[in-house]
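J.:
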Amino acid sequence: MYRHTPETGVDTGESTDTDQAGTTAPERFGVGTVVASTFEELAPALPNEMAGLRRKLIEWLGELELDPDSKHDITLATYEALANVAAHAYPDGHGWARLQARREGDAVTVTVTDTGCGIPATRPRVAGLRTSGGRGLLLIDQVADKTDIDTGESGTTVRMTWRPPALRDAG
1 MYRHTPETGV DTGESTDTDQ AGTTAPERFG VGTVVASTFE ELAPALPNEM
51 AGLRRKLIEW LGELELDPDS KHDITLATYE ALANVAAHAY PDGHGWARLQ
101 ARREGDAVTV TVTDTGCGIP ATRPRVAGLR TSGGRGLLLI DQVADKTDID
151 TGESGTTVRM TWRPPALRDA G
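For what it's worth, UniProt numbering labels the leading residue of the sequence shown as 1, then goes sequentially.
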């Protein structure tokens, strides 16, 4: 699991890979390059915190061998999902967003989860031309290969998956 600690020298209390006998090593993409196959962060659902999560995701994606268009699409869709958490999930202004990403084989899956109020069943299927919103989920649907949204009174989970361009084009 990839966890970003912004300050160097901070003891997180987590053990290192060498402390964990019998654990599976992270994926290797090149000689001497170890890349974590998973990423997870939890942050307050505030706009500036969502921007921070996006930067951490970009850092993690930078370690993966992905084409630039895929990295862009993953970043864009993820930020839209995070922005929705900050703008809509917690009307009282207090809550959390969880960002998880995983590379399995050739696919990258990103999951954004909150425990907020959920997406109303009456949400419009098409964004209005004169509205200030309503385009985030439509954009996510357009740039992700697969999108699953699970929502209810106890929160929302947006799961987005991307495959390499060669597999997208073949499908």
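Backbone N, C-alpha and C fix where the C-beta goes; we use that ideal spot for every residue, glycine too.
Just curious, the beta strand (DSSP E) that proline 44 is in, first and last residue?
T.: Start and end: 38-44.
J.: Run the CB neighbour count on lysine 56, radius 10 Å, all protein chains shown included, and call it buried at 16 or more, exposed below.
T.: Its Cβ being crowded by 16 or more others within 10 Å, lysine 56 is buried.
J.: Which of the three DSSP states, helix, strand or coil, is assigned to residue 178?
T.: Not covered by the structure: residue 178. The range shown for the chain is 1 to 171.
J.: Give every residue of the same chain whose Cβ lies closer than 6 Å to the Cβ of valine 85, excluding the five residues on either side of it in the sequence, and list them in chain order.
T.: So the qualifying residues of the chain are Ala45, Ala97 and Asp114.
J.: If you draw a straight line from the alpha carbon of isoleucine 58 to that of glutamate 153, how long is it in whole angstroms?
T.: Between isoleucine 58 and glutamate 153, the C-alpha separation is close to 31 Å.
J.: When the distance is taken between beta carbons, is glutamate 40 closer than 8 Å to glutamine 100?
T.: For glutamine 100 and glutamate 40, yes; Cβs fall inside 8 Å.
J.: Return the CA-CA distance between tyrosine 79 and threonine 157, expressed in angstroms with no decimal places.
T.: In a straight line, the C-alpha of tyrosine 79 is about 14 Å away from that of threonine 157.
J.: Quick check on arginine 55: does DSSP put it in helix, strand or coil?
T.: Helix.
J.: Going straight from the alpha carbon of arginine 163 to that of methionine 50, what length do you get?
T.: About 25 Å.
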